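Peer 1: The structure's right below; bear with me while I get my questions together.
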Ligand code: GRF
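Residue numbers (the working numbering): 38 to 236.
What follows is the structure in structure tokens.
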């Protein structure tokens, strides 16, 4: 059984999808803790599933490094086999990445390496492109630059707003995330090797 810790910042809809998938009999992973960098709305999903949650408010710390140290302390206490960033809108300090890598994955609402960063959906829309996508990557020290574990194209429709496009991307993101977690838990996806055939 793969023990997964999930970090969020927002509504946690991707987290909820993972919690629901993990509740199904035979799913080879379980969420053992949920953390946030603020009093995130999505922490309520952990409560709904009876899963311990913690908040390490970024603004309560003098520096990103100090925040990272506390976050790592909280994560370490759960000895996760995998850390999932699912809507965490913070860059992890290098020390935190070093401690938990290679077992850190992140979901991103674009077809990386297209449109990295905090506004992937808005940037894709503004680019005039006819399609974007969703990606699940391994986290390294960069911004959305780690090895791509899974990704899929999502159409941009005429008249799309950032909200309507993001709403079309998220279900794809959730499906990819759940499949990546399942493959890691089943031993079909080894994060310790550097290159991964993107699915
Ligand atoms: C997701 O699309 C995630 O990739 C991006 O922000 C969104 C978070 O959505 N970083 P939610 O909090 O899972 O609903």
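We treat Cβ as the ideally placed atom computed from N, Cα and C, and that holds for glycine.
Quick caveat, the model's predicted, so the values are computed rather than measured.
Work out the CA separation of residue 80 and residue 176 for me, nearest whole Å.
Peer 2: Distance between the alpha carbons of residue 176 and residue 80 is about 22 Å.
Peer 1: Could you check whether residue 174 and residue 191 sit closer than 7 Å to each other, using their CB atoms as the reference points?
Peer 2: No.
Peer 1: How far does the beta strand (DSSP E) with residue 169 in it reach, from first residue to last?
Peer 2: Segment 168 to 175, the beta strand (DSSP E) holding residue 169.
Peer 1: Going by alpha carbons, who is nearest to residue 140 out of 51, 220, 84 and 50?
Peer 2: Closest by alpha carbon: 220.
Peer 1: Can you give the beta carbon distance from residue 44 to residue 73, rounded, assuming they're within the 8 Å contact cut?
Peer 2: 7 Å between Cβ atoms; contact.
Peer 1: Taking only three categories from DSSP, how would you classify residue 125?
Peer 2: DSSP places residue 125 in coil when its eight states are reduced to three.
Peer 1: Give me the Cα-Cα distance between residue 223 and residue 195, rounded to the nearest whole angstrom.
Peer 2: One C-alpha to the other measures close to 40 Å.
Peer 1: Using DSSP with H/G/I as helix, E/B as strand and the rest coil, what is residue 96?
Peer 2: Of the three classes helix, strand and coil, the one that applies to residue 96 here is helix, per DSSP.
Peer 1: Just curious, the beta strand (DSSP E) that residue 230 is in, first and last residue?
Peer 2: No beta strand (DSSP E) contains residue 230, which DSSP labels as neither H nor E.
Peer 1: What does the Cβ neighbour count give for residue 237, buried or exposed, with the cut at 16 atoms within 10 Å?
Peer 2: The chain is shown from 38 up to 236; residue 237 falls before or after that span and cannot be answered.
Peer 1: Provide the residue span of the beta strand (DSSP E) that contains residue 182, from first to last.
Peer 2: No beta strand (DSSP E) contains residue 182, which DSSP labels as neither H nor E.
Peer 1: On a CA-only basis, which of 38, 42, 114 and 159 is nearest residue 88? Give me that one, please.
Peer 2: Looking at the Cα atoms, 42 is the closest of the given residues.
Peer 1: Mark residue 237 as exposed unless 16 or more other C-beta atoms lie within 10 angstroms of its C-beta, in which case mark it buried.
Peer 2: Past the edges of the chain, shown from 38 to 236, lies residue 237, and the structure says nothing about it.
Peer 1: What I want to know is whether the C-beta of residue 145 ends up closer than 6 Å to one or more non-hydrogen atoms of ligand 3.
Peer 2: Of the ligands this structure carries, namely ligand 1, none is ligand 3.
Peer 1: Please report the distance separating the alpha-carbon of residue 132 from that of residue 39.
Peer 2: Looking at the two C-alpha atoms, the distance is approximately 23 Å.
Peer 1: Under 7 Å Cβ to Cβ from residue 292, same chain only, skipping five residues before and after it: list those, please.
Peer 2: Outside the modelled stretch of the chain, which goes from 38 to 236, sits residue 292, for which no answer is possible.
Peer 1: Which residues mark the beginning and the end of the alpha helix (DSSP H) in which residue 163 is found?
Peer 2: 157 to 164 is the span of the alpha helix (DSSP H), which, as asked, contains residue 163.
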